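These protein sequence lines map, in sequence, to chains C and E.
For the first sequence, position 234 matches number 234 in the UniProt record's numbering, and the numbering has no gaps at all.
For the second sequence, position 19 matches number 19 in the UniProt record's numbering, and the numbering has no gaps at all.
Don't be surprised by glycine CBs; every beta carbon is placed ideally from N, CA and C.
Quick caveat: nothing in here was measured; it's all calculated off a predicted structure.
Down below is the structure, laid out as structure tokens.
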Amino acid sequence: MPDWQERIADDTRPSIRAEHELRYALAAPLIRASTRWCDLGCGSGIGAAAALAGKAYAGRALLVDREQAVADRAAAAIGRRRAVALAADLATPEGVAQVRGALGDRDDPLLVTCFETIEHLDDFAPLVALLVELAARPGATVVLSVPNDAFWAIENPHHTTSWGEGAVEELRALLPADHVVLHQFALNGSAIADPAESADGSAAFALAPGVPSHVLLAFGDGAEQFAGAPVARVVQSDVEAQRRWERQRESDLLYYATAVKALEERLAAAEQAAAEAAAAAAPAPASDDEASDAPAASGHA
Amino acid sequence: MKVAFLLNDLQLSGGVGVVVQHARELVLRHGHDVTLVLVREQEAAPWEFDGLAHLHVEGLDDARRERFDVAIATWWETAYSLFELEADRYVHFLQSFEDRFYDRLTAERPAAAAILDLPVSYVTEATWIAETLARVRPDAPCLFVRNGIDKDVFRSPETLDVRLDEPLRIVVEGNPDVWFKGVYESIGVVRAMREPRHLTVVTGDASKIEPGSADAVVGPLTHREMAALYGSSDVVLKLSKVEGMFGPPLEGFHMGATCVVAPVTGFDEYIEHGWNGLVVDWDDPAGTARALDLLARDRRLLTFLRTNALETARSWPTWEQSGTFMAAALEKIHRDPPPPPYAGARQLVADSRLALETQRLLMHERNEYRRLAKPALRVKQTTAWRRLKRLREHPAMQPVWKLMRPFTRRVRSKLTG
């Protein structure tokens, strides 16, 4: 069963959380270099806080979410003195105007992040117009992301619009011509690490304390060299093969369920016909007078 | 924002339906003031499009007295009236390259092509149109807005109705009189099938379909009736030669039907061979019939294609989403500076020259034929010929002419080559 948890929280599936944090990590150098940062659809700020990796943000952050309490949590995660939490509905021109007003029209370096937000908006036209307008200011940069949910058959009930290759092309036509496109890929991987060091967070990849998939043991003269930095290998997930496999399974289930049902109906009909034939073939309990005159049963059903 | 869509009429057609849907979304969800401007005198009552009641419809004379933020031509002929309206920005909503609808030697063909040279912004509905336009008119601003689907009307089933033993249910739709729709070709393909099938042809005029060539001939149908028909069908067969966004198979996808199509422009917007449909070769009726026979025999494959067709449909935008992109596109066009007035001028001059050369060639050909026909024309002007003609038309002479027909036919054949 899919778990449609749309807000990133502490208990969010690690793969989802990793892809969320990676988007913020990508933006982190620009966030730190900007005197102002606006995070639209900030959620509870987990990704943003992870991107800043515990370092204090020197600029001013405007954190926008539809719910004030959630935006407040994000402000707390980043540091209340530097962050302003704003509740605004980005699906409305009024909400977008609130953001515009909060940002003012200063021309100092500004970074706007808007990750996984547009697909939640009934009307994203005012927001896209705002993003384009902000990006046109000197020293301003906008980074936004949309999911490729067209790739999956299951509809996400939290998404009000559908975002696949076509929708991305439509969106790109609205952006400045020199925009940059990056693709985010899902990876599968494995890491080997000293269990004592894996939890300290110093590695390039986060290894939370947990259940390992395998245990490796080394001994002898060279065993010590294995106690160094953890190693990891990742490969891109074959999402296309997975998609084909899932659709084949879904359609086969439908097909065979129907085929089995049809066979069962035929079997039932055959059994009934056989029973009727057997009943017809059985000698009818007849009276002594009729027995001699009754014609022989034909056996035809 | 005050928007005018220019239309020839409001008769039933896919292109007009798309414009009405966009106009409706702009009014109801984005608060724009939209007018449908009919540029021709109307001879027939408008088709009952859903949502038409929400729209303001007026003629060109009334529209000339107004001022619009954006005026949009929706068909090449409507572009002739585009600049008669006062507007901040002029747009062409390009649903296809419309010159392709006409034969090579018709006057409409170069005229429809030359419309693409106007200094306007473009909005188009298919990737292939946007890409082609970028090559033809690299200077022209072009925004991309796909057509949505009315998911209340084309309401996808929760689960697919798998059909194991019934004849393959095939739908062919389109106007048989329009050469590029390939309706007769599609009917011929179904007739060439060997496996059991049931063909329904949807057309505005049933008399155009030879009796007995289809199991059912229906139409014209409303969108809801069309959706119901697709819902009870397995395959949408479409062998068109020209398409814009190629909507009918997508509507079929929403109702759980797969498709067999030729690789017409627009097919690759959403059709993937072997995934959600079958793409057959051009002019290959035997191969197309075999593809349909395969689907009739292999119900597991048919179910796979139908399942994926439904998945493709789920990811297709609604009219609400599409309308949002249209609103954003028009707002951007209105916000951005207009294209320079000389944009397309070079292409316009080149197209004019091409039209001139084509006309010159036609005139040359005509003069050459006239020269060749001169002796025959001279004979026709003689008194003897006129008498002969009168004699030919005389009722008493008809049996004689009938006897002479093989001879006269041979003479005529020799003369005309």
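Who are the neighbours of Ala328 of chain E on chain C, taking C-beta pairs under 8 Å?
Here the question's residue 328 of chain E lines up with position 328 in the second sequence. Near Ala328 of chain E (Cβ distances below 8 Å), the residues of chain C are Phe124, Ala125, Val128, Ala129, Leu174.
Spell out whether any CB of chain C is found under 8 Å from the CB atom of Asn308 of chain E.
The residue given as residue 308 of chain E occupies position 308 in the second sequence. Contact of Asn308 of chain E with chain C is assigned, a C-beta pair being separated by under 8 Å.
Inside the region 322-387 of chain E only - beta strand (DSSP E) runs reaching at least 3 residues
If one requires a minimum length of 3 residues, no beta strand (DSSP E) run lies completely within the region 322-387 of chain E.
Three CB pairs or more closer than 8 Å across the region 131-140 of chain C and the region 288-297 of chain E
No: fewer than three Cβ pairs fall under 8 Å.
Tell me, please, which residues DSSP counts as bridged to Phe185 of chain C.
By 1-based counting over the first sequence, the position of residue 185 of chain C is 185. Per DSSP, none; premise fails for Phe185 of chain C.
Taking C-beta pairs closer than 9 Å, name the residues in chain C that Val39 of chain E reaches, listed in chain order.
Locating residue 39 of chain E in the second sequence gives position 39, where the first residue counts as 1. Ordered by position in chain C, no residue passes the 9 Å Cβ test against Val39 of chain E, which lies about 27 Å from the chain.
Residue of E:Leu28, E:Ser121, E:Gly59 minimising C-alpha distance to Tyr342 of chain E
Looking up residue 342 of chain E in the second sequence gives position 342. Residue E:Ser121 is the option with its Cα nearest to Tyr342 of chain E.
Mind reading off the beta-carbon distance from Thr324 of chain E to Phe115 of chain C? Whole number of angstroms is fine, and I expect it under 8 Å.
In the second sequence, residue 324 of chain E corresponds to position 324, counting from 1. In the first sequence, residue 115 of chain C corresponds to position 115, counting from 1. In fact, because the Cβ distance is near 20 Å, the residues do not count as touching under 8 Å.
Express the C-alpha separation of Gly51 of chain E and Val20 of chain E in angstroms, rounding to a whole number.
Taking the first residue of the second sequence as position 1, residue 20 of chain E is located at position 20. Taking the first residue of the second sequence as position 1, residue 51 of chain E is located at position 51. Taken atom to atom, the span from the alpha-carbon of Val20 of chain E to that of Gly51 of chain E is near 7 Å.
Do Pro157 of chain C and Glu119 of chain C have their C-beta atoms closer together than 8 Å?
Here residue 157 of chain C corresponds to residue number 157 of the first sequence, with the count starting at 1. Here residue 119 of chain C corresponds to residue number 119 of the first sequence, with the count starting at 1. Cβ atoms of Pro157 of chain C and Glu119 of chain C: not closer than 8 Å.
Which one or two residues does DSSP pair with Cys142 of chain E in a beta bridge?
Here residue 142 of chain E corresponds to residue number 142 of the second sequence, with the count starting at 1. DSSP output for Cys142 of chain E lists E:Tyr122 as bridge partner(s).
List the residues of chain E whose Cβ lies closer than 7 Å to the Cβ of Asp238 of chain C, in chain order.
As a position in the first sequence, residue 238 of chain C is number 238, starting the count at 1. Neighbours of Asp238 of chain C on chain E: none; closest Cβ ~16 Å, over 7 Å.
Which same chain residues, not among the five before or five after Ala51 of chain C, have their C-beta less than 8 Å away from its C-beta?
Stepping through the first sequence from its first residue, residue 51 of chain C is reached at position 51. Around Ala51 of chain C: Glu21, Tyr24, Ala25, Ala27, Ala28, Ile31.
Which partner residues does Thr35 of chain E have in the DSSP bridge list?
In the second sequence, counting from the first residue as 1, residue 35 of chain E sits at position 35. E:Ala4, E:His56.
So, does the CB of Thr265 of chain E fall closer than 8 Å to a CB anywhere in chain C?
In the second sequence, the residue the question calls residue 265 of chain E occupies position 265. Among the CB atoms of chain C, none fall inside 8 Å of the CB of Thr265 of chain E.
So which residues on chain C does Lys332 of chain E lean against when the C-beta distance must stay under 7 Å?
To locate residue 332 of chain E, count along the second sequence from 1; it is residue 332. Chain C residues near Lys332 of chain E: Leu174.
Across which residues does DSSP place Gly228 of chain C in a beta bridge pair?
Residue numbering aside, residue 228 of chain C sits at position 228 when the first sequence is read from its first letter. Per DSSP, none; premise fails for Gly228 of chain C.
Whole-Å CB distance - Ile333 of chain E paired with Arg104 of chain E, under 8 Å assumed
Counting from one through the second sequence, the residue named residue 333 of chain E turns up at place 333. Counting from one through the second sequence, the residue named residue 104 of chain E turns up at place 104. About 34 Å separates the beta carbons of Ile333 of chain E and Arg104 of chain E, which is beyond the 8 Å limit, so they are not a contact pair.
In this structure, what does DSSP give as the bridge partners for Val201 of chain E?
Taking the first residue of the second sequence as position 1, residue 201 of chain E is located at position 201. In the DSSP assignment, Val201 of chain E forms a beta bridge with E:Val172, E:Val217.
Between Asp336 of chain E and Pro176 of chain C, what straight-line distance do the alpha-carbon atoms span, to the nearest angstrom?
By one-based count along the second sequence, residue 336 of chain E stands at place 336. By one-based count along the first sequence, residue 176 of chain C stands at place 176. Going by the C-alpha atoms only, they are around 11 Å apart.
Against chain E, which members of the region 83-104 of chain C pass a CB distance test of less than 7 Å?
Here the close residues number zero.
Does the count of Cβ pairs from the region 148-164 of chain E and the region 348-366 of chain E closer than 8 Å reach three?
Cβ pair count under 8 Å is below three, so no.
If Val57 of chain E sits next to Val91 of chain E, beta carbons under 8 Å apart, how far is it from one beta carbon to the other, in whole angstroms?
Translated into positions along the second sequence, residue 57 of chain E becomes position 57. Translated into positions along the second sequence, residue 91 of chain E becomes position 91. Val57 of chain E to Val91 of chain E, Cβ: 19 Å. No contact.
Is Ala18 of chain C helix, strand or coil by DSSP?
By 1-based counting over the first sequence, the position of residue 18 of chain C is 18. In the structure shown, Ala18 of chain C adopts helical secondary structure according to DSSP, grouped into three states.
Please compile the residues from chain E whose C-beta is within a distance smaller than 7 Å of the C-beta of Leu267 of chain C.
For the purposes of this step, residue 267 of chain C is taken as residue 267 along the first sequence, with counting starting at 1. Those within 7 Å of Leu267 of chain C in chain E number zero; the least Cβ separation is about 15 Å.
Strand pairing of Arg7 of chain C, partner residues [DSSP]:
Taking the first residue of the first sequence as position 1, residue 7 of chain C is located at position 7. According to DSSP, Arg7 of chain C bridges with nothing at all.
Could you give the DSSP three-state label for Leu90 of chain C: helix, strand or coil?
Start at 1 with the first residue of the first sequence, and residue 90 of chain C comes out as number 90. Under the three-state reduction of DSSP output, Leu90 of chain C falls in the coil class, being neither helix nor strand.
Since Gln248 of chain C meets chain D, which of its residues come closer than 8 Å, beta carbon to beta carbon?
As a matter of chain content, chain D is missing from the structure shown, whose protein chains are C and E.
Whole angstroms is fine: what's the gap from Glu331 of chain E's alpha carbon to Ser213 of chain C's?
On the second sequence, position 331 is the one that residue 331 of chain E refers to. On the first sequence, position 213 is the one that residue 213 of chain C refers to. For Glu331 of chain E and Ser213 of chain C, the distance between alpha carbons rounds to 54 Å.
From the DSSP secondary-structure annotation, give me the bridge partner or partners of Arg60 of chain C.
To locate residue 60 of chain C, count along the first sequence from 1; it is residue 60. Per DSSP, C:Arg36.
Pairwise C-alpha distance: Arg13 of chain C and Pro230 of chain C
The count along the first sequence starts at 1 and reaches residue 230 of chain C at position 230. The count along the first sequence starts at 1 and reaches residue 13 of chain C at position 13. Going by the C-alpha atoms only, they are around 23 Å apart.
Residues from the region 104-122 of chain C in contact with chain E, defined by Cβ distance under 9 Å:
Within the region 104-122 of chain C, the residues whose Cβ lies closer than 9 Å to some Cβ of chain E are Leu121, Asp122, listed in chain order.
Quick check on this structure: which residue in E:Val172, E:Glu43, E:Ser213, E:Ala192 has the alpha carbon closest to the alpha carbon of Thr258 of chain E?
Here residue 258 of chain E refers to the residue found at position 258 of the second sequence. Selected option, being the one with the closest Cα: E:Val172.
With burial defined as no fewer than 16 other Cβ atoms inside 10 Å of the residue's Cβ, what is the status of Leu210 of chain C: buried or exposed?
Here residue 210 of chain C corresponds to residue number 210 of the first sequence, with the count starting at 1. According to the sequence as given, residue 210 of chain C is Gly; it is not Leu. Under a 10 Å Cβ-count criterion, Gly210 of chain C is classified as exposed, with fewer than 16 other Cβ atoms of the shown protein chains found around its own Cβ.
So, does the CB of Val145 of chain E fall closer than 8 Å to a CB anywhere in chain C?
Mapped onto the second sequence, residue 145 of chain E falls at position 145. It does: the Cβ of Val145 of chain E has a partner Cβ on chain C nearer than 8 Å.
Would you call His300 of chain C buried or exposed, if buried means 16 or more other Cβ atoms sit within 10 Å of its Cβ?
Counting from one through the first sequence, the residue named residue 300 of chain C turns up at place 300. Residue placement at His300 of chain C is flagged as unreliable, the pLDDT there being 43, under the threshold of 50; the coordinate-derived value follows with that caveat. Around the beta carbon of His300 of chain C, a 10 Å sphere encloses fewer than 16 other beta carbons of the protein chains shown; the residue is thus reported as exposed.
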